[in-house]
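Chains as they are written, first to last, in the working numbering: chain A, 1 to 245; chain B, 1 to 245. All residues carry an ideal CB built from backbone N, CA and C; glycine is no exception. Quick caveat, the model's predicted, so the values are computed rather than measured. What follows is one structure encoded as structure tokens, with my remarks underneath.
Protein chains: 2
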Amino acid sequence: MPYDPSDFPPFAVTVDLVVLTVRRHALCALTVRRGEEPYQGQWALPGGFVRAEEDLATAAARELAEETGLHTQESGDSHAAAHLEQLATYGDPHRDPRMRVVSVAYLVLAPDLPAPTPGGDAGGARWTPVARLLGDAVEAAERLAFDHARILADGVERARSKIEYSSLAAAFCPAEFTVGELRRVYEAVWGVALDPRNFHRKVTGTPGFLVPVGGTTTRQGGRPAQLFRAGGASALNPPMLRPEV
Amino acid sequence: MPYDPSDFPPFAVTVDLVVLTVRRHALCALTVRRGEEPYQGQWALPGGFVRAEEDLATAAARELAEETGLHTQESGDSHAAAHLEQLATYGDPHRDPRMRVVSVAYLVLAPDLPAPTPGGDAGGARWTPVARLLGDAVEAAERLAFDHARILADGVERARSKIEYSSLAAAFCPAEFTVGELRRVYEAVWGVALDPRNFHRKVTGTPGFLVPVGGTTTRQGGRPAQLFRAGGASALNPPMLRPEV
DNA sequence: GAAATAGTGTCTCTGAGACATTATATA
DNA sequence: TATATAATGTCTCAGAGACACTATTTC
Chain A
1 MPYDPSDFPP FAVTVDLVVL TVRRHALCAL TVRRGEEPYQ GQWALPGGFV
51 RAEEDLATAA ARELAEETGL HTQESGDSHA AAHLEQLATY GDPHRDPRMR
101 VVSVAYLVLA PDLPAPTPGG DAGGARWTPV ARLLGDAVEA AERLAFDHAR
151 ILADGVERAR SKIEYSSLAA AFCPAEFTVG ELRRVYEAVW GVALDPRNFH
201 RKVTGTPGFL VPVGGTTTRQ GGRPAQLFRA GGASALNPPM LRPEV
Chain B
1 MPYDPSDFPP FAVTVDLVVL TVRRHALCAL TVRRGEEPYQ GQWALPGGFV
51 RAEEDLATAA ARELAEETGL HTQESGDSHA AAHLEQLATY GDPHRDPRMR
101 VVSVAYLVLA PDLPAPTPGG DAGGARWTPV ARLLGDAVEA AERLAFDHAR
151 ILADGVERAR SKIEYSSLAA AFCPAEFTVG ELRRVYEAVW GVALDPRNFH
201 RKVTGTPGFL VPVGGTTTRQ GGRPAQLFRA GGASALNPPM LRPEV
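Set out below in structure tokens:
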């Protein structure tokens, strides 16, 4: 195995972001409109080149901040931090018609943002329900550029399976949330209805999963609900069971 | 987001392989001795450059065949095929002191090979127990080059968690195996002792997990054991529970 | 015979699913 | 008042863990 820098073919390396949130009871992904060829005018996942002296995760966090203003670390204040993790890497030789591009995809789980349309330097950016991007009969106008539909599908599947055995569903909620809000996250991500009583028993009975924060809220209507924040426990054992098995 | 080929910094892209097998009741990883600087003489994970017109998974399968002779597809004969899946991508700017290298790691689960030392064009290649490569006090002579200890740790963790809820443990076994042999795989990978009777009930009671093949063997000593092959079910639901929770 | 592994059965307890019921807000 | 959501409780059944016991081989 000779190892000569002149031996290896040059690659471009990018990061692509699957940014998921729950809005109006639907799982949504952040999409941006492409301003140039190829796939000009089509929607795509946000992303960009990794810089020469930049780590992959750093590049993903930078792109995320540029597109949404979201940060992945608590900035001292009480803002909920988005969760960021590496998803997978896509390197088909012809996934980009211009050159050889290897893209490292990252998955971001974010709370519903106050600003309806994310700011940043991206042209048109919007939240699109994943059902409309990944359904059986996706309209041509909604079809994602490159192999981004595949990347999005992988990200959605990762999110669906990870909230089973981790406390990551709280990443979709504001810093303080109720049991019912957390349940509606599960229902939106999985696309199923969960029994409110069994759900309540499960999440409040798991030590370290939820920490009561003291107040109550009626923002969902009905009887005031206790407010919680995510506890330190990152693993959920035994897992939350996804119905329809 | 201007998108000009001259904009992007050039990267080298490699694949690194975490090839795991179970030998003599121990989880082992394939390691090769480095023949040149940096880290000359140290052990490392097998791997190499991705070619210009080659898919990432293809490059991983090619490197695997070169180093071990293993194939990832059934070749028509009854040889057990190794399992190959993408693990993660490592791109710290200084993980290779010579240039910017992004490495896509793949995880391979292989049955114990008949040949004690894998062939191929790699110089010294051998199976090393992962406990010796990842323990708390790893000897200097056993320390892996680059960030390969981290990659190996990620691969081992992936394997440990995946056999919980999938039928992948059978990838460590020959094409036909007994319940006891499968149990010893779990015990080696997890490093725990499992109750043989509860294990037997679990795996034989899960529909589609094991298919009886008709014969028996006494290669483990004792009463003859029925032979099975892996069934079509790839998911194991409910999962096999890892003790010490 | 002893010793090893294979295979079946039995008991108990945790926990998920399917309900009922009560509590407290808004319209 | 009706209606929404929140919170607690009760029953049943599947399944994991902890065993006992029998079966069939090798030494």
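Span of the alpha helix (DSSP H), counted from its first residue to its last, around residue i
i                      : result
residue 196 of chain A : 196-205
residue 189 of chain A : 179-190
residue 161 of chain B : 148-165
Cβ distance (whole Å) where residue i is taken to contact residue j below 8 Å
i                      : j                      : result
residue 60 of chain B  : residue 84 of chain B  : 6 Å
residue 112 of chain B : residue 22 of chain B  : 6 Å
residue 246 of chain A : residue 110 of chain A : Because chain A in this structure spans residues 1 to 245, residue 246 of chain A falls outside the shown range and cannot be described.
residue 171 of chain A : residue 52 of chain A  : So it is not a contact: roughly 31 Å between Cβ atoms.
residue 208 of chain A : residue 233 of chain A : 3 Å
residue 17 of chain A  : residue 108 of chain A : 6 Å
residue 95 of chain A  : residue 147 of chain A : 5 Å
residue 189 of chain B : residue 150 of chain B : Going by Cβ atoms, the distance from residue 189 of chain B to residue 150 of chain B rounds to 19 Å, so no, they are not a contact pair.
Beta-carbon proximity list for residue i, same chain, < 8 Å, skipping 5 on both sides
i                      : result
residue 202 of chain B : 240
residue 194 of chain A : 183, 186, 187, 243
residue 40 of chain A  : 34
residue 144 of chain B : 31, 42, 43, 44, 45, 133, 152
residue 164 of chain A : 236, 239, 240, 241, 242
residue 204 of chain A : 179, 210
residue 162 of chain A : 168
Spatial neighbours of residue i in its chain, beta-carbon cut-off 7 Å, leaving aside the 5 residues before and after
i                      : result
residue 225 of chain B : 178, 179, 180, 216, 217
residue 213 of chain A : 176, 227, 228, 229
residue 50 of chain B  : 13, 14, 15, 56, 59
residue 211 of chain A : 228, 229, 231
Host beta strand (DSSP E) of residue i (start-end)
i                      : result
residue 229 of chain A : 225-230
residue 48 of chain A  : 47-49
residue 57 of chain B  : Segment 56-68 is the alpha helix (DSSP H) holding residue 57 of chain B; no beta strand (DSSP E) there.
residue 15 of chain A  : 12-23
residue 100 of chain B : No beta strand (DSSP E) holds residue 100 of chain B; DSSP gives it neither H nor E.
residue 132 of chain A : Segment 130-134 is the alpha helix (DSSP H) holding residue 132 of chain A; no beta strand (DSSP E) there.
residue 28 of chain A  : 26-33
residue 84 of chain B  : 83-90
residue 113 of chain A : Looking at the DSSP string, residue 113 of chain A is not in any beta strand (DSSP E), and its letter there is neither H nor E.
residue 210 of chain A : 210-217
Residue environment, residue i, which counts as buried when at least 16 other CB atoms sit within 10 Å
i                      : result
residue 237 of chain B : exposed
residue 77 of chain A  : The predicted model places residue 77 of chain A with a pLDDT of 49, which falls under 50 and marks its position as unreliable, so this point remains unresolved.
residue 158 of chain A : buried
residue 25 of chain A  : exposed
residue 167 of chain B : buried
residue 54 of chain B  : buried
residue 136 of chain A : exposed
residue 235 of chain B : exposed
residue 48 of chain B  : buried
residue 100 of chain A : buried
residue 91 of chain A  : buried
residue 125 of chain B : buried
residue 130 of chain B : buried
Same chain, Cβ closer than 6 Å to residue i, five either side skipped, listed in chain order
i                      : result
residue 139 of chain A : none
residue 89 of chain B  : 104
residue 11 of chain B  : 100, 102
residue 70 of chain B  : 64, 82, 110
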